[in-house]
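Below: the structure, in structure tokens.
Protein chains: 2
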Amino acid sequence: MTGLPAAHGGPVPVLTLGDILLVTLQGELQDGAAEHLQNDITHRIASNPDPVRGVVIDISGVEIVDSFLGRVLAEIAAGARLLAARTVLAGMRPAVAITLVELGLTLPGVVTALDTEGALSLLDRTSSATLPADREEGA
Amino acid sequence: MTGLPAAHGGPVPVLTLGDILLVTLQGELQDGAAEHLQNDITHRIASNPDPVRGVVIDISGVEIVDSFLGRVLAEIAAGARLLAARTVLAGMRPAVAITLVELGLTLPGVVTALDTEGALSLLDRTSSATLPADREEGA
Chain A
1 MTGLPAAHGG PVPVLTLGDI LLVTLQGELQ DGAAEHLQND ITHRIASNPD
51 PVRGVVIDIS GVEIVDSFLG RVLAEIAAGA RLLAARTVLA GMRPAVAITL
101 VELGLTLPGV VTALDTEGAL SLLDRTSSAT LPADREEGA
Chain B
1001 MTGLPAAHGG PVPVLTLGDI LLVTLQGELQ DGAAEHLQND ITHRIASNPD
1051 PVRGVVIDIS GVEIVDSFLG RVLAEIAAGA RLLAARTVLA GMRPAVAITL
1101 VELGLTLPGV VTALDTEGAL SLLDRTSSAT LPADREEGA
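Chains as they are written, first to last, in the numbering used here: chain A, 1 to 139; chain B, 1001 to 1139.
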């Protein structure tokens, strides 16, 4: 029951819900797992029989977003965008948002929603258009 | 980067997707987290503004299902059923299925699907009816 579980630090599962990929991050993301997740998401977008419209990353189970995780999330979003999929970050805890702002890590180019449901409806509303953050970047 | 992360063994996030609750298990579930998850799911079913139709537990990220986790899953399903929600276990790895059968842990009363998408469509098809395993139990 105690000790480092064998599967921890292992691959983070990526769920497919129609044309949306859903990832639920829990706890800390290790180096290897982050790289694996990024690869996994990119390959799924490229190889999915139906075009993947969006990637939702739920971080409601994450207590600490540091610069490493911030960079991973930004890179996943950038990779997905190159493959014509939108990434929405869902469920950020208020304390995490405060810390990110204090650290100056404001995740430019990453679109957020309060929860997964909000992220899905955001992707629904913007199916063929660009998300607000994309427009901001272009401006 | 190494060492036991602070958030591990902490609460497993429960996502709400319309009238479905979605839980993605990753790695090993500790005693406290299991109890917390069971409480969390039960209270969400009871207090959700819309009636919760089903609970999908994705275990594609779980490499080992032992008798402890098997019992936790069965208890979550039993609790959800008492509150009129169906539980579907999604994404079990073939190796896990083989081990469960070898151990004689065949999870009676737990309905399974190959992946989360299959679980959602199973819940869609059986919205007001009972799932196969419920009928089996009654027989």
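C-beta atoms are modelled at their ideal positions from N, C-alpha and C, and glycine is treated no differently.
Quick caveat, the model's predicted, so the values are computed rather than measured.
- A119 of chain A is classed as buried because its beta carbon has at least 16 other beta carbons within 10 Å across all chains shown.
- Across the region 6-27 of chain A, CB contacts with chain B closer than 9 Å involve A6, A7, H8, G9, G10, P11, V12, P13, V14, L15, T16, L17, G18, L22, V23, T24, L25, Q26 and G27, in sequence order along the chain.
- Taking 8 Å as the threshold, the shortest C-beta distance from G1118 of chain B to chain A does not fall below it.
- Look at A113 of chain A here: in three-state DSSP terms it is strand.
- The beta carbons of A74 of chain A and G109 of chain A sit closer together than 8 Å.
- Short of 6 Å from the beta carbon of A1090 of chain B, and not among the five residues preceding or following it, lie these beta carbons of its own chain, in chain order: V1056, D1058, A1113, D1115, T1116 and A1119.
- For G61 of chain A, the residues of chain B that pass the 8 Å Cβ criterion are A1007, G1010, P1011, V1012 and P1013, in the order they occur in the chain.
- The criterion of a C-beta distance shorter than 8 Å is not satisfied by G61 of chain A and L123 of chain A.
- For the region 1036-1065 of chain B, the set of residues with a beta-carbon nearer than 8 Å to any beta-carbon of chain A comprises D1058, S1060, G1061, V1062, E1063 and I1064, in chain order.
- The alpha-carbon separation between V1096 of chain B and S67 of chain A amounts to approximately 36 Å.
- The Cβ atoms of L1037 of chain B and V1065 of chain B do not sit closer than 8 Å to each other.
- Excluding the 5 residues flanking it on each side, V1072 of chain B has same chain C-beta neighbours closer than 8 Å at L1029, A1034, L1037 and Q1038, in chain order.
- Between D1031 of chain B and P1051 of chain B, the C-beta spacing is not below 8 Å.
- For G1018 of chain B, the three-state secondary structure derived from DSSP is coil.
- At a cut-off of 8 Å between beta carbons, D1124 of chain B makes no contact with chain A.
- When rounded, the separation of the alpha-carbon atoms in H43 of chain A and I1041 of chain B is 33 Å.
- DSSP places A1090 of chain B in the strand class (E or B) of the three-state scheme.
- Between L1015 of chain B and T24 of chain A, the beta carbon gap of about 7 Å places them in contact (Cβ cut-off 8 Å).
- DSSP places D58 of chain A in the uninterrupted beta strand (DSSP E) bounded by G54 to G61.
- Distance from the Cα of S1121 of chain B is smallest, within the candidate group B:T1106, B:R1086, B:S1047 and B:A1046, for B:R1086.
- Around T1126 of chain B, the same chain offers R1086 as residues with beta carbons nearer than 8 Å, after the five sequence neighbours per side are excluded.
- The C-beta separation of G70 of chain A from G1027 of chain B comes to about 23 Å, leaving the pair out of contact by the 8 Å criterion.
- Just so you know, the alpha carbons of A77 of chain A and L1105 of chain B end up roughly 41 Å apart.
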